[in-house]
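Participant: One rule links them: number in our numbering = place in the sequence shown (from 1) + 49. Where a beta carbon is used, it is the ideal one built from N, C-alpha and C, also for glycine.
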Amino acid sequence: MKDIYTYIWVAPLFILLQVLFLNNIYFLSYINPLVYVILIITLPQNTEKWFLLIYAFILGFSLDIFEGNLGLNSSALVFLSFIKPYINKVLIPKNLIDEKEKLNLKILGIKTFSVYALSLIFIHNSFIFLLEHFSTINLFYLILKIILSSVVTYIIILIFQLFTFKTKE
50 MKDIYTYIWV APLFILLQVL FLNNIYFLSY INPLVYVILI ITLPQNTEKW
100 FLLIYAFILG FSLDIFEGNL GLNSSALVFL SFIKPYINKV LIPKNLIDEK
150 EKLNLKILGI KTFSVYALSL IFIHNSFIFL LEHFSTINLF YLILKIILSS
200 VVTYIIILIF QLFTFKTKE
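(1) Could you give the distance in angstroms between the alpha-carbon of Leu169 and the alpha-carbon of Thr161?
(2) Per DSSP, Phe76 forms a beta bridge with which residues?
(3) As a quick exercise: from Leu71, Ser124, Lys151, pick the residue whose alpha carbon is nearest that of Leu179.
(4) To which residues of the same chain is Ile156 closer than 6 Å at the C-beta, ignoring the five residues directly before and after it?
(5) Might you give, ordered along the chain, the residues of its own chain that have their beta carbon closer than 6 Å to the beta carbon of Phe110, omitting 5 neighbours on each side?
(6) Drop a sphere of 10 angstroms on the beta-carbon of Ser78, count the other beta-carbons inside from all chains shown, and report buried for 16 or more, exposed for fewer.
(7) Which word fits Phe70, buried or exposed, when buried means at least 16 other C-beta atoms lie within 10 angstroms of its C-beta?
(8) Confirm, please, whether the CB-CB distance from Ile89 to Leu140 is below 7 Å.
(9) As a quick exercise: from Leu112, Asp113, Gln67, pick the residue whose alpha carbon is nearest that of Ile205.
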């Protein structure tokens with residue numbers, strides 16, 4: 050339960066980071082890092098589904114209000130939260146971690162965390178960019194934007210994870 054309060058208090062910081070800084074970064078008009086997805090990715094496996102969906106909606110709706118595109122982020126995050134438990138069952142071995150632990154780099158290890166995080170980031174970015182463009186006229190541009198944004202988002206999330214990596218001395 051203590052972790053849930055942390056996620057609630059950290060959400061406004063990620064919203065501000067995304068809205069004030071990361072939304073203004075466009076590398077070659079292909080890369081748009083969406084780092085707030087880390088808040089959904091790292092929630093523990095035993096998080097109640099109702100809390101996960103409501104938290105994702107409030108997080109996405111807050112981003113939508115600041116960005117002026119109602120429904121885009123909230124629908125993408127709710128969709129991600131809906132499929133997250135199924136992705137957890139497929140990608141995270143049952144004997145690897147306790148269900149109460151956060152799904153972070155320290156607990157999962159680099160290989161499992163990378164596959165898990167990249168899968169969820171790719172699903173989220175695909176959903177949000179397909180809704181945003183709502184066209185397949187320039188399919189190469191869309192695929193390139195999804196892949197490059199997913200990779201850059203993953204790298205930034207990995208850096209966040211490394212900064213919060215606590216070691217025992």
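Facilitator: This is what the structure gives:
(1) Taking the straight line joining both Cα atoms gives about 12 Å.
(2) Residue pairing by DSSP places Phe76 opposite Ile80 in a beta bridge.
(3) Of the candidates Leu71, Ser124, Lys151, Ser124 places its Cα closest to the Cα of Leu179.
(4) Exclusion of the five residues before and after Ile156 leaves Ile146, Glu150 as the residues of its chain whose Cβ lies within less than 6 Å of its Cβ.
(5) Around Phe110: Ser123.
(6) Taking every protein chain shown into account, the CB of Ser78 has fewer than 16 other CB atoms within 10 angstroms, so this residue is exposed.
(7) Its Cβ having fewer than 16 others within 10 Å, Phe70 is exposed.
(8) Taking 7 Å as the Cβ cut-off, Leu140 and Ile89 do not qualify as a contacting pair.
(9) Closest by alpha carbon: Gln67.
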